[in-house]
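Residue numbers (my numbering), protein chains in the order written: chain V, 209 to 501; chain F, 209 to 501.
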């Protein structure tokens with residue numbers, strides 16, 4: 209089964225558990241709206257790709273971890289789009305949750321998705337309870353304080369922010385959780401996979417900064433120019449566009465080099481390069497490299 | 209150690225873990241503001257009281273569960289007070305989090321507290337991983353969809369709501385988790401303690417409705433008249449004030465009767481009666497019983 213199909217099937221399965229006759233109907237609809245249709249599902253794809261490289265010996269547990277990570281990501285998008293943050297009307301090419309269901313349900317939808325993320329793991333029978341606990345610890349660290357995506361977002365409320373610390377928490381943390389979870393679910397050493405998650409997470413954030421500046425709203429599926437508009441730290445602002453693209457390319461090289469040796473090393477490296485092309489297409493790189501800095 | 213002191217010590221310990229040099233300072237301050245000083249801490253007290261009745265054979269795990277429940281409760285208060293819900297200026301007698309730190313940090317603070325609740329259990333070494341997992345499952349069910357406090361809050365966004373289903377989810381769920389967690393942490397049967405949580409949870413919600421109508425803002429530590437103002441389902445609205453008080457008394461009798469037999473039965477029953485007097489003082493009951501319905 210292709211990775212993306214495996215993820216969508218697992219997400220449908222895990223989200224169905226929130227849907228029961230005793231559930232408030234609009235909350236369930238808002239949760240579905242927040243999760244389907246998805247974006248590139250890059251985090252859960254990464255988790256499954258690492259799992260395959262580690263033998264994929266606990267596929268249900270791996271699927272649960274991948275879904276938990278994606279639901280945490282979706283929850284953060286729902287809350288980030290609310291009026292007190294980005295006040296974004298669109299997300300993934302459709303109406304944002306707070307626009308479709310109102311602010312109260314958007315707030316509750318994010319909360320419910322965070323809890324549902326834990327439910328993915330808790331409701332998956334496992335022969336390895338110690339792996340389930342370790343996965344929940346890993347994912348909690350990547351979401352909460354002090355170093356997770358919620359803390360990353362909170363840095364936007366501070367007057368003094370170090371760019372790399374901000375990006376490591378805001379985006380990097382969940383990418384690191386994705387690669388490490390793919391290993392952990394198989395009983396493999398997560399530390400060997402940390403470097404790949406770190407490099408890809410930072411590359412992803414830098415690419416987002418680049419696209420935010422270049423104004424490709426259709427590709428992004430959300431409004432552009434948000435970083436300048438909200439005065440947020442941005443690699444494109446700090447390094448200039450050409451500098452940011454050069455930095456992005458260095459991160460992709462680091463990601464490729466950090467894939468541990470093994471039977472699936474080259475296919476994982478190809479996945480990284482394909483993702484790189486999706487994030488910042490080659491014609492953008494060649495255009496920017498001749499433009500004055 | 210008295211129950212309340214034990215809870216405050218454990219909460220201080222568990223919240224300190226979010227506080228590190230890499231944490232955004234305002235987020236940490238907002239989390240502290242949301243948790244300290246506390247209200248009556250009735251949920252964690254209930255958890256510890258049941259634990260004592262069950263032998264208190266895993267005190268660290270019990271403390272972690274009690275803290276997790278209290279942090280989930282605090283998170284829900286922070287989000288409920290935001291402008292898109294109650295728009296409340298005060299909570300527990302102090303300025304509400306969104307008023308003190310702004311809406312973005314209030315939103316993130318609630319999210320971080322939910323994750324921190326899981327961290328309480330995940331970061332507590334336990335000789336009983338199966339108990340840790342069961343506690344996280346219990347608490348997740350009492351917070352998320354379909355039947356937890358987030359779902360309870362979401363019923364307020366529906367046009368058709370059944371009062372008892374709404375109250376069972378909005379308030380009852382976390383009370384049931386409190387009594388059941390006290391048993392589960394000790395390896396005892398949680399089902400024996402479900403009835404106490406159900407009756408107390410409903411009594412607590414009915415008492416809140418009564419006080420909201422009677423206008424005792426100082427006692428409540430938050431604005432009054434909110435149910436009518438927001439058109440929320442309310443026992444006082446459905447039954448009239450005298451009817452609601454009579455219903456409350458019946459629930460307290462049910463709670464007392466549901467305490468399982470054992471060496472601590474009578475002290476737990478006394479705790480229920482004391483809590484009843486705190487929730488709806490006797491002079492209120494005697495006044496309302498002579499007033500015309």
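The beta carbon of each residue, even a glycine, is placed where N, CA and C say it ideally should be. If you're wondering where the values come from, they're calculated on a predicted model, not measured in any experiment.
Buried or exposed for residue 482/V, going by 16 or more other Cβ atoms inside 10 Å? Reading the first chain from its first residue, position 274 is the one you call residue 482/V. Classification of residue 482/V: exposed, given that the 10 Å Cβ count is below 16.
Could you give the distance in angstroms between the alpha-carbon of residue 252/V and the alpha-carbon of residue 357/F? Taking the first chain and counting its residues from 1, the one referred to as residue 252/V is at position 44. Taking the second chain and counting its residues from 1, the one referred to as residue 357/F is at position 149. Distance between the alpha carbons of residue 252/V and residue 357/F: 28 Å.
If we call anything under 8 Å between Cβ atoms a contact, is residue 218/V one with residue 275/V? Translated into positions along the first chain, residue 218/V becomes position 10. Translated into positions along the first chain, residue 275/V becomes position 67. For residue 218/V and residue 275/V, yes; Cβs fall inside 8 Å.
For a test of the three-state rule: what should DSSP assign to residue 379/V, helix, strand or coil? Translated into the one-based positions of the first chain, residue 379/V becomes position 171. Collapsing the DSSP output to three states places residue 379/V in a helix.
Give me the Cα-Cα distance between residue 500/V and residue 454/V, rounded to the nearest whole angstrom. Within the first chain, residue 500/V is the residue found at index 292, counting from 1. Within the first chain, residue 454/V is the residue found at index 246, counting from 1. Model confidence at residue 500/V stands at a pLDDT of 45, short of 50, so the residue's coordinates are unreliable; what they give is reported in the following sentence. The alpha-carbon atoms of residue 500/V and residue 454/V are separated by roughly 13 Å.
Quick one: list the residues of chain F neighbouring residue 382/V, beta-carbon separation under 8 Å, in chain order. Working through the first chain from its first residue, we reach residue 382/V at position 174. By Cβ distance, chain F contributes nothing, its closest Cβ being about 12 Å from residue 382/V, past 8 Å.
When Cβ atoms are compared, which residues of the segment 235-258 of chain F fall closer than 9 Å to chain V? Cβ contacts with chain V: 235, 236, 238, 239.
Whole angstroms are fine: how far does the CA of residue 296/F sit from the CA of residue 393/V? For the purposes of this step, residue 393/V is taken as residue 185 along the first chain, with counting starting at 1. For the purposes of this step, residue 296/F is taken as residue 88 along the second chain, with counting starting at 1. Answer to the nearest angstrom: the Cα atoms are 44 Å apart.
Do residue 407/V and residue 463/V have their C-beta atoms within less than 8 Å of each other? Position 199 of the first chain, counted from the start, is the residue given in the question as residue 407/V. Position 255 of the first chain, counted from the start, is the residue given in the question as residue 463/V. It is a contact, given that the beta carbons lie within the stated cut-off.
Can you look up residue 462/V in the DSSP assignment and give me helix, strand or coil? The residue you call residue 462/V lines up with position 254 of the first chain. Residue 462/V falls in the helix class under three-state DSSP.
Ignore the nearest five residues each way along the sequence and tell me which others in residue 479/F's own chain have a CB closer than 7 Å to its CB. Taking the first residue of the second chain as 1, we reach residue 479/F at position 271. Excluding residues up to 5 positions away in sequence, 257 lie with their Cβ nearer than 7 Å to the Cβ of residue 479/F in the same chain.
Should the segment 217-237 of chain V be regarded as contacting the segment 439-447 of chain V, the criterion being three or more beta carbon pairs within less than 8 Å? Pairwise C-beta distances place the segment 217-237 of chain V out of contact with the segment 439-447 of chain V, as fewer than three of them are shorter than 8 Å.
By the three-class DSSP mapping on this structure, what secondary structure does residue 477/V have? Taking the first residue of the first chain as position 1, residue 477/V is located at position 269. DSSP places residue 477/V in helix when its eight states are reduced to three.
Measure the CB-CB distance between residue 327/V and residue 375/V and report whether it falls below 8 Å. One-based indexing of the first chain puts residue 327/V at position 119. One-based indexing of the first chain puts residue 375/V at position 167. No; because the gap between Cβ atoms is not below 8 Å, this pair is not in contact.
Who are the Cβ neighbours of residue 220/F in its own chain at under 7 Å, not counting the five residues just before and after it? Locating residue 220/F in the second chain gives position 12, where the first residue counts as 1. There are no such residues.
For residue 361/F, count neighbouring C-beta atoms within 10 Å of its own C-beta (all shown protein chains included) and say buried if the count is 16 or more, exposed if not. By 1-based counting over the second chain, the position of residue 361/F is 153. Result: buried.
If contacts are defined as beta-carbon pairs under 8 Å, then residue 341/V and residue 340/F qualify, I think. What distance do you get, rounded to the angstrom? For the purposes of this step, residue 341/V is taken as the residue at position 133 of the first chain. For the purposes of this step, residue 340/F is taken as the residue at position 132 of the second chain. The pair is a contact, with the Cβ atoms about 7 Å apart (cut-off 8 Å).
Considering only DSSP beta bridges, list what residue 300/V is partnered with. Here residue 300/V refers to the residue found at position 92 when the first chain is read from its first residue. Answer is none; residue 300/V lacks a bridge partner.
Below 9 Å between beta carbons is the criterion; list the residues of the segment 311-322 of chain V that meet it against any residue of chain C, in chain order. Within the model displayed, chain C is absent; protein chains V and F are what it includes.
Thinking residue 461/F and residue 467/F are a contact (beta carbons under 8 Å), I'd like their distance in whole angstroms, please. Along the second chain, read from residue 1 onward, the residue named residue 461/F stands at position 253. Along the second chain, read from residue 1 onward, the residue named residue 467/F stands at position 259. With 8 Å as the limit, residue 461/F and residue 467/F do not qualify as a contact, their Cβ atoms being about 12 Å apart.
Are the segment 298-313 of chain V and the segment 235-246 of chain V touching by the rule of at least three beta carbon pairs closer than 8 Å? With a cut-off of 8 Å, the segment 235-246 of chain V and the segment 298-313 of chain V count as touching, because enough Cβ pairs lie within range.
Please specify which runs of the alpha helix (DSSP H), each continuous and at least 4 residues long, are wholly inside the segment 249-302 of chain F, giving them in chain order. Complete alpha helix (DSSP H) runs here, min 4: 250-261, 267-288.
Look at residue 329/V and residue 238/V and say whether their C-beta atoms are less than 8 Å apart. In the first chain, the residue the question calls residue 329/V occupies position 121. In the first chain, the residue the question calls residue 238/V occupies position 30. Against a cut-off of 8 Å, the Cβ pair of residue 238/V and residue 329/V comes out as no contact.
Backbone secondary structure at residue 485/F - three-state DSSP: On the second chain, position 277 is the one that residue 485/F refers to. In this structure, DSSP gives residue 485/F a helical state, which the three-state scheme calls helix.
Measure the alpha-carbon distance for residue 325/V versus residue 214/V and round it to whole angstroms. By 1-based counting over the first chain, the position of residue 325/V is 117. By 1-based counting over the first chain, the position of residue 214/V is 6. Those two C-alpha atoms are separated by around 17 Å.
Mapping the DSSP letters down to three states, classify residue 367/V as helix, strand or coil. If you number the first chain from 1, residue 367/V lands on position 159. Here residue 367/V sits in coil by DSSP.
Excluding the 5 residues flanking residue 402/V on each side, which residues of the same chain have their C-beta closer than 8 Å to its C-beta? Taking the first residue of the first chain as position 1, residue 402/V is located at position 194. 384, 387, 388.
Taking CB distances under 8 Å as the criterion, tell me whether residue 522/V reaches chain F. Nothing about residue 522/V can be read from this structure; chain V reaches only from 209 to 501.
Going along the chain, which residues of its own chain have a beta-carbon closer than 8 Å to the beta-carbon of residue 265/F, five neighbours each way excluded? On the second chain, position 57 is the one that residue 265/F refers to. Taken in chain order, the residues that qualify are 394, 395.
Residue 355/V: contacting residues in chain F (beta-carbon distance under 7 Å): Indexing the first chain from 1 puts residue 355/V at position 147. Near residue 355/V (Cβ distances below 7 Å), the residues of chain F are 230.
Could you compute how far the alpha carbon of residue 291/F sits from the alpha carbon of residue 284/F? For the purposes of this step, residue 291/F is taken as the residue at position 83 of the second chain. For the purposes of this step, residue 284/F is taken as the residue at position 76 of the second chain. Whole-angstrom Cα-Cα distance: 14 Å.
What does a CB cutoff of less than 6 Å around residue 363/V pick up in its chain, not counting 5 residues either side in sequence? Within the first chain, residue 363/V is the residue found at index 155, counting from 1. Within the same chain, residue 363/V has close Cβ partners 369, 374.
Thinking residue 449/F and residue 421/F are a contact (beta carbons under 8 Å), I'd like their distance in whole angstroms, please. The residue given as residue 449/F occupies position 241 in the second chain. The residue given as residue 421/F occupies position 213 in the second chain. Between residue 421/F and residue 449/F the Cβ distance is about 6 Å, and since that is below 8 Å, they are a contact.
With 16 other CB atoms within 10 Å as the buried threshold, where does residue 488/F fall? The sequence position of residue 488/F within the second chain is 280, counting from 1. So residue 488/F ends up on the buried side.
I'd like the list of long-range same chain contacts for residue 498/V, defined as Cβ closer than 8 Å, with 5 residues on each side in sequence excluded. Counting from one through the first chain, the residue named residue 498/V turns up at place 290. Its pLDDT being 47, under 50, residue 498/V is placed unreliably in this model, and the value from its coordinates should be taken loosely. Non-local beta-carbon contacts of residue 498/V in its own chain, meaning distances under 8 Å to residues more than five positions away in sequence, are absent.
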